[in-house]
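Per the numbering used here, residue 244 is the first one in the sequence shown, and the count goes up by one each step. Idealized CB from N, CA, C, for every residue including glycine. Worksheet for the structure shown next.
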Amino acid sequence: MSKRRYEKHRGNGSNKFYGHKINSHVWCGSNNERSRFLMLEFDENVISYSTQPETFDVYGIEYSPDILVHTKRDGDYYEEVKGDYYLKKDGFEERFELQQKCVKALSRLPLRLVTESKIKKAPLRTLNRLNKYQRQDINKDIDIKKLPTKPILFSQLQDIIFSKFNADIGDVWTLFSHSIFTFDFKAELTPDTLVWRAR
Numbered sequence: 244m245s246k247r248r249y250e251k252h253r254g255n256g257s258n259k260f261y262g263h264k265i266n267s268h269v270w271c272g273s274n275n276e277r278s279r280f281l282m283l284e285f286d287e288n289v290i291s292y293s294t295q296p297e298t299f300d301v302y303g304i305e306y307s308p309d310i311l312v313h314t315k316r317d318g319d320y321y322e323e324v325k326g327d328y329y330l331k332k333d334g335f336e337e338r339f340e341l342q343q344k345c346v347k348a349l350s351r352l353p354l355r356l357v358t359e360s361k362i363k364k365a366p367l368r369t370l371n372r373l374n375k376y377q378r379q380d381i382n383k384d385i386d387i388k389k390l391p392t393k394p395i396l397f398s399q400l401q402d403i404i405f406s407k408f409n410a411d412i413g414d415v416w417t418l419f420s421h422s423i424f425t426f427d428f429k430a431e432l433t434p435d436t437l438v439w440r441a442r
């Protein structure tokens, strides 16, 4: 068993995802991988991530985990992103368990499985929209200190910003994409979602 480290984000995917958290493009081998990067972008526990940073020799077969994740509270770990159909293939469980053991032995880091079913539970529509507004600067006309500090509905925050400042709906979403305001990311952001100031 052995391993090789790669200094840059690498992969053989067909499309790219720009990670604002890491100021870099990463390659996506599938839509599931892109959605996972999107989830990591807005996970406040995640410091950074990279794609296929190392290749491990698993008893003569090269294996590269999909993602290496660095977190604030849970340490570092690798992730393998798989579609649900792949989990049903013969020998998958045995092969993945072997990969987990080898990766742990060679890197001392755990290898976690992230399934398509888990990814589909994330508020992907909202995350995609937030990702779009990460490219937009916060409206300087909005005085953050004058915004509520206690939890309110998204619709109420929107009304306050519209009435007090020269702003539009994009400016409201930008406050969330830049982590000025936040919410429970377990569900899509709607007018009735409870939101609060993060900083």
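Query, Result
"Sort 293, 380, 330 and 406 by Cα distance to residue 313 and report the nearest one.", "293"
"Determine the direct distance from the alpha carbon of residue 302 to that of residue 425, and round the result to whole angstroms.", "45 Å"
"Could you work out which residue in 275, 399 and 341 is closest to residue 306 when comparing CA atoms only?", "341"
"Suppose only complete runs of 4+ residues qualify. What are the alpha helix (DSSP H) ranges in the segment 260-320, listed by chain order?", "274-284"
"With DSSP collapsed to three states, give me the class of residue 417.", "helix"
"Which whole runs of the beta strand (DSSP E) in the segment 332-388 are 3 residues long or more, in chain order?", "354-358"
"For a test of the three-state rule: what should DSSP assign to residue 396, helix, strand or coil?", "strand"
"Less than 7 Å between C-beta atoms, sequence neighbours within five positions excluded: which residues of the same chain meet that for residue 275?", "324, 326, 359 and 362"
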